[in-house]
Amino acid sequence: MIPAIAFVGRSGSGKTTFLEELIPVLTGRGYRVGAVKHAHHLVEIDRPGKDSFRLREAGASEVVLSTDRQLAVIRQMAARVSLETVLGYFRAVDLILVEGFKEGGLPSIEIYRASATTEEPLFLQGPRPLALVSDCPFPHVDFPVFALDDVAGVADLLERKML
Numbered sequence: 296m297i298p299a300i301a302f303v304g305r306s307g308s309g310k311t312t313f314l315e316e317l318i319p320v321l322t323g324r325g326y327r328v329g330a331v332k333h334a335h336h337l338v339e340i341d342r343p344g345k346d347s348f349r350l351r352e353a354g355a356s357e358v359v360l361s362t363d364r365q366l367a368v369i370r371q372m373a374a375r376v377s378l379e380t381v382l383g384y385f386r387a388v389d390l391i392l393v394e395g396f397k398e399g400g401l402p403s404i405e406i407y408r409a410s411a412t413t414e415e416p417l418f419l420q421g422p423r424p425l426a427l428v429s430d431c432p433f434p435h436v437d438f439p440v441f442a443l444d445d446v447a448g449v450a451d452l453l454e455r456k457m458l
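Position in the sequence shown (from 1) plus 295 gives the number in our numbering.
As structure tokens, this is what we get:
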């Protein structure tokens, strides 16, 4: 099974921004990286007027878009798909970075930006993360704490613990 780690945090904490910076560091070190983005709302991947949209509107329960270099599957689901099922779609990667899915049971790294919230970090009420990435110090925790700009340090940790 391909190793996967969740990047969790409050809304607006900078999870996507951090992953945008982390992925090039990992790929620069020769790793193939997959990414999962959890959305709490319906996302329309194709648009009205596009052929894929027209085929779905006609009643196709699955539409696969295939180009010379890309493949996308649009599948209508009756219920939420488990994270395990989503992770099972990945084939040619060394590590899967999951944004969200804090209840997914994966090891996690929390992104906590005190300047973006008045709420406390998730780890104070939930499971212990593998590490914390934050804009403020947490001197009394028993796991690594990285500055928001220490992307290389997080990549080093992932290499040691996940790869």
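Glycine is no exception: its CB is placed at the ideal position from the N, C-alpha and C atoms. For clarity, every value in this text was computed on a predicted model and none was experimentally measured.
Got a sec, what are the start and stop residues for the beta strand (DSSP E) residue i sits in?
i      : result
Glu293 : This structure gives no information on residue 293, because the portion of the chain shown stretches from 296 to 458.
Glu414 : Run containing Glu414: none; DSSP gives neither H nor E here.
Arg370 : 366-370
Ala374 : Run containing Ala374: none; DSSP gives neither H nor E here.
Val303 : 299-303
Counting C-beta neighbours from all protein chains within 10 Å, is the total for residue i 16 or more, i.e. buried, or is it exposed?
i      : result
Val303 : buried
Ile308 : Inspection of the sequence shows that residue 308 is occupied by Ser rather than by Ile. With 16 or more Cβ atoms within 10 Å of its Cβ, Ser308 is classed as buried.
Ile340 : exposed
Leu458 : exposed
Lys332 : exposed
Arg386 : exposed
Phe441 : buried
Less than 7 Å between the beta carbons of residue i and residue j, yes or no?
i      : j      : result
Ser410 : Asp430 : yes
Ala426 : Pro439 : yes
Phe396 : Glu405 : no
Phe401 : Ala330 : Per the sequence shown, the amino acid found at residue 401 is Leu instead of Phe. Not closer than 7 Å, so no.
Val460 : Leu452 : The chain is shown only over 296 to 458; residue 460 falls outside these bounds and no answer can be derived.
Val446 : Leu317 : yes
Glu414 : Arg305 : yes
Ile369 : Val358 : yes
Ala334 : Gly399 : no
Using DSSP bridges, identify the partner residues of residue i.
i      : result
Tyr407 : Ser429
Phe441 : Val428
Gly400 : In the DSSP output, where bridge partners are listed per residue, Gly400 has none listed.
Phe385 : DSSP output for Phe385 lists no bridge partner at all.
Val331 : Val393
Among residues of its own chain, excluding the 5 on either side of residue i, which ones have a beta-carbon nearer than 6 Å to its beta-carbon?
i      : result
Leu321 : Val328, Ala450
Ala367 : Leu360
Gln371 : Ser356
Arg351 : Val358
Starting from residue i, trace the alpha helix (DSSP H) both ways and give me its first and last residue.
i      : result
Leu458 : Element bounds for Leu458: n/a, residue is neither H nor E.
Gly323 : 310-323
Ser361 : From DSSP, Ser361 is part of no alpha helix (DSSP H) but of the beta strand (DSSP E) over 357-361.
Phe348 : 346-352
Taking 7 Å as the threshold (beta carbon to beta carbon), is residue i in contact with chain C?
i      : result
Val446 : Here there is only one protein chain, and chain C is not present.
For residue i, I'd like the list of residues in its chain whose CB is within less than 7 Å of its CB, leaving aside the five on either flank, ordered along the chain.
i      : result
Tyr326 : Asp389, Leu390, Leu458
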